[in-house]
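Novice: Dropping a structure here in structure tokens format, bear with me for questions.
Residue numbers (the numbering used here): 351 to 562.
Shown next, in the form of structure tokens:
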């Protein structure tokens, strides 16, 4: 699938790595699983699984945001939401406690799924644990790769998901979400976010969040 949608970028990144062939195989395996997402979207005339599409957005954002992104960060970006549809929110109780449990379980699920692929490809235990740390977003302020992942996720949200999400959310709640998003970001992430070309309403809400 990645050869259709973003194969050139993946190939260009792989060429810069010591073992680009193994990296490409890891990406292919992740893409194969994400392409099975029953939630479908069409981009550039190609129908694809939503989580595959999201993984391409996140991967591209990491590549553009981090000039020298590590192999571990690149793989983590591609697998951050791997097979996310297999653990639906509806399987958990309503309310904040249920939501937080769902999110915690998802993080571990994604990290374990990724680790399984990397183990099959004979990546080192140390490398696999590095990817896991990024997938779990551990030690945000102390681990540059974990912080880069958080920044990239926030930027993808603002750029590609915000406009649809705000239509389903009250203004008050949306402003609170944006404020929480902002706190998670590094200074570089915040500066990049301020340079995004948002719609008029989206920009207004960001202004309220930052100045309210």
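We treat Cβ as the ideally placed atom computed from N, Cα and C, and that holds for glycine. In this text, all values refer to a predicted model and were calculated from it rather than measured experimentally.
Count the other CB atoms within 10 Å of the CB of residue 396; is the residue buried (16 or more) or exposed (fewer)?
Specialist: It is exposed - the Cβ of residue 396 has fewer than 16 other Cβ atoms within 10 Å.
Novice: Where does the unbroken alpha helix (DSSP H) through residue 397 begin, and where does it stop?
Specialist: No alpha helix (DSSP H) contains residue 397, which is instead part of the beta strand (DSSP E) from 396–399.
Novice: Where does residue 392 sit, in a helix, a strand or coil, going by DSSP?
Specialist: Strand.
Novice: May I ask you to report which of helix, strand or coil DSSP gives residue 524?
Specialist: Of the three classes helix, strand and coil, the one that applies to residue 524 here is helix, per DSSP.
Novice: Compare the C-alpha of residue 369 against each of 400, 393, 408, 422 and name the closest.
Specialist: For the residues 400, 393, 408, 422, the minimum Cα distance to residue 369 belongs to 422.
Novice: Measuring straight from C-alpha to C-alpha, what distance separates residue 468 and residue 376?
Specialist: Straight-line Cα distance between these residues: approximately 7 angstroms.
Novice: Measuring CB atoms only, is the stretch 425–440 touching the stretch 527–545, in the sense that at least three cross pairs come out at less than 8 angstroms?
Specialist: With the cut-off at 8 angstroms, the stretch 425–440 and the stretch 527–545 do not touch.
Novice: DSSP state of residue 549, grouped into three classes?
Specialist: Coil, per DSSP.
Novice: Quick one: Cα of residue 403 to Cα of residue 519, how far?
Specialist: Residue 403 and residue 519: Cα-Cα distance of roughly 23 angstroms.
Novice: On the three-state DSSP scale, how would you describe residue 381?
Specialist: Here residue 381 sits in helix by DSSP.
Novice: Taking C-alpha atoms, which residue in 466, 478, 444, 407 lies nearest to residue 420?
Specialist: Considering only alpha carbons, the answer is 478.
Novice: Return the CA-CA distance between residue 445 and residue 555, expressed in angstroms with no decimal places.
Specialist: Those two C-alpha atoms are separated by around 25 angstroms.
Novice: Is the stretch 454–473 touching the stretch 356–366, taking contact as three or more C-beta pairs under 8 angstroms?
Specialist: No, the stretch 454–473 does not touch the stretch 356–366.
Novice: Drop a sphere of 10 angstroms on the beta-carbon of residue 352, count the other beta-carbons inside from all chains shown, and report buried for 16 or more, exposed for fewer.
Specialist: Residue confidence is low: residue 352 scores 48 on pLDDT, short of 50, so the model does not pin down where it sits. No coordinate-derived value is stated.
Novice: Beta-carbon separation of residue 504 and residue 547 under 8 angstroms?
Specialist: Contact: no.
Novice: Out of 406, 417, 394, which has the shortest C-alpha to C-alpha gap to residue 494?
Specialist: With distances taken between Cα atoms, residue 494 lies closest to 417.
Novice: Give the DSSP-derived three-state secondary structure of residue 352 in the structure shown.
Specialist: Because residue 352 carries a pLDDT of 48, less than 50, the predicted location of this residue cannot be relied on, and no value is offered for it.
Novice: Ignoring anything shorter than 4 residues or poking outside the stretch 470–522, list the alpha helix (DSSP H) runs there in chain order.
Specialist: Whole alpha helix (DSSP H) segments, 4+ residues: 475–485, 494–506, 512–515.
Novice: Restricting to Cα atoms, I'd like to know which of 508, 408, 513, 515 is closest to residue 541.
Specialist: The option with the nearest alpha carbon to residue 541 is 508.
Novice: If we count the other Cβ atoms within 10 Å of its Cβ and call it buried at 16 or more, is residue 405 buried or exposed?
Specialist: Classification for residue 405: buried.
Novice: Out of 521, 437, 388, 470, point me to the one whose CA is closest to residue 553's CA.
Specialist: Per the Cα distances, 521.
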